[in-house]
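Report on the structure given below.
In my numbering, the protein residues as written are 44 to 249.
Written out as structure tokens, the structure reads:
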């Protein structure tokens, strides 16, 4: 991914935080096949972290997984930016977005580990569902184990990009926030909230 220096995510921690927040990824193998899957990050496994996931056995993409190098793309909020929102002139339209690209080696997991991945994923997204325990009967678990394929990705490279107009003047940045605030599109509302959160984080650091 092309990333100018001033648009790079500043740390592995920031990249990990992004993956946790926007965990639904596009997983692409060398044969140019892609699957859309939620991936669970284990930060403390490996030098750069390890990703876990599963997919339906009926999805033949898993047959290309074993030990292959893969690319996982995580996308955050994004949206069209009108030049009329800027204080400065001249200006052209652009698209603001945030994304993380992860490369790594992928391998399949055992049936037992796959069920653990499933359990960990549910625990991450809906912990209240697992509080009572036994919400998935053992017999049904065994059926699931035959119908899904688990995998893990040992991360070998991770990079993140924040193209949110942070290189522009404060007046231009405020104009973008004002423009997004007037939009009724859900994507624009998400981009507005995310951009504001990063600005607040930056202010709190100084």
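Backbone N, C-alpha and C fix where the C-beta goes; we use that ideal spot for every residue, glycine too.
Predicted model, so just to flag it, every value in this text is computed and none were measured.
For the alpha helix (DSSP H) containing residue i, name the first residue and the last one.
i, result
"residue 196", "Segment 191-206 is the beta strand (DSSP E) holding residue 196; no alpha helix (DSSP H) there."
"residue 170", "170-174"
Could you have a look at residue i and say whether DSSP puts it in helix, strand or coil?
i, result
"residue 209", "coil"
"residue 67", "strand"
"residue 137", "strand"
"residue 218", "helix"
"residue 123", "strand"
"residue 82", "coil"
"residue 149", "strand"
"residue 117", "strand"
"residue 238", "helix"
"residue 101", "coil"
"residue 72", "coil"
"residue 95", "strand"
With residue i as the anchor, note down where its beta strand (DSSP E) starts and where it stops.
i, result
"residue 179", "No beta strand (DSSP E) contains residue 179, which DSSP labels as neither H nor E."
"residue 76", "That residue, residue 76, is in no beta strand (DSSP E); it is neither H nor E in DSSP."
Assuming residue i contacts residue j (C-beta within less than 8 Å), just tell me the rounded distance between them.
i, j, result
"residue 149", "residue 136", "About 38 Å separates the two Cβ atoms, so there is no contact after all."
"residue 113", "residue 76", "The pair is not a contact, with the Cβ atoms about 10 Å apart (cut-off 8 Å)."
"residue 151", "residue 116", "With a Cβ gap of about 21 Å, residue 151 and residue 116 do not count as contacting."
"residue 204", "residue 52", "7 Å"
"residue 94", "residue 196", "4 Å"
"residue 83", "residue 167", "6 Å"
"residue 108", "residue 194", "5 Å"
"residue 119", "residue 65", "5 Å"
Quickly, what does DSSP pair residue i with across the bridge? List them, please.
i, result
"residue 244", "Note: residue 244 sits in no beta bridge, so no partner."
"residue 51", "204"
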